[in-house]
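In my numbering, the protein residues as written are 3 to 150. Don't be surprised by glycine CBs; every beta carbon is placed ideally from N, CA and C.
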């Protein structure tokens with residue numbers, strides 16, 4: 003099979019999924035957060051910061067986030083809320099998705115039938131990452147509540 007075709011088609015899939023999240027953020031995110039944001043620990047100042055951040059750093063943020071687990075799936079929503087330029091969003095989503103998907107395809111090719119052996123040794127790190135993410139979330143919520 004051709005890595006280029008695989009990476010290209012998977013990057014198109016990345017665009018379609020990311021744009022769905024982008025439009026959820028653009029057309030439903032801010033009104034939803036203005037109404038229910040306090041329950042999610044998000045206030046008007048946070049929304050203003052999001053708009054400012056994506057105006058200044060949106061392209062870098064979108065590109066880099068395509069390489070970060072969990073973040074790659076969520077980052078499109080705040081980009082939509084901030085109404086990041088859709089063309090620029092799509093370009094940087096494609097570029098990051100293309101590189102990431104090429105890496106994954108190549109890694110899969112190299113590992114071949116040995117992927118179960120690799121999984122055996124990397125699984126504990128996956129669990130540790132989940133623990134770190136949960137702890138970070140708890141810390142963020144605690145600090146946010148403590149500020150009030």
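- Message: Given this structure, state the Cα-to-Cα distance separating residue 145 from residue 116, to the nearest angstrom.
- Response: Taking the first residue of the chain shown as 1, we reach residue 145 at position 143. Taking the first residue of the chain shown as 1, we reach residue 116 at position 114. Approximately 43 Å between the Cα atoms of the pair.
- Is it right to say residue 28 is buried, meaning 16 or more other beta carbons lie within 10 angstroms of its own, or is it exposed? Position 26 of the chain shown holds residue 28. It counts as buried.
- Message: Once DSSP output is grouped into helix, strand and coil, what is the label at residue 69?
- Response: Here the question's residue 69 lines up with position 67 in the chain shown. Note: residue 69 maps to coil in three-state DSSP.
- Could you spell out the range, first to last residue, of the alpha helix (DSSP H) harbouring residue 15? For this step, residue 15 is matched to residue 13 along the chain shown. Element bounds for residue 15: 5-26.
- Query: Straight-line CA distance for residue 5 to residue 87?
  - Reply: Locating residue 5 in the chain shown gives position 3, counting from the first residue. Locating residue 87 in the chain shown gives position 85, counting from the first residue. Going by the C-alpha atoms only, they are around 30 Å apart.
- Evaluate residue 136 with the Cβ neighbour count: other Cβ atoms within 10 Å of its Cβ, from every protein chain shown; 16 or more gives buried, anything less gives exposed. Indexing the chain shown from 1 puts residue 136 at position 134. Exposed, by the Cβ-count rule.
- Message: I need the boundaries of the alpha helix (DSSP H) containing residue 29, first residue and last residue.
- Response: One-based indexing of the chain shown puts residue 29 at position 27. Neither: residue 29 is in no alpha helix (DSSP H) and is coded neither H nor E.
- Item | Helix, strand or coil at residue 85 [DSSP, three-state] | For this step, residue 85 is matched to residue 83 along the chain shown. Correct three-state label for residue 85: coil.
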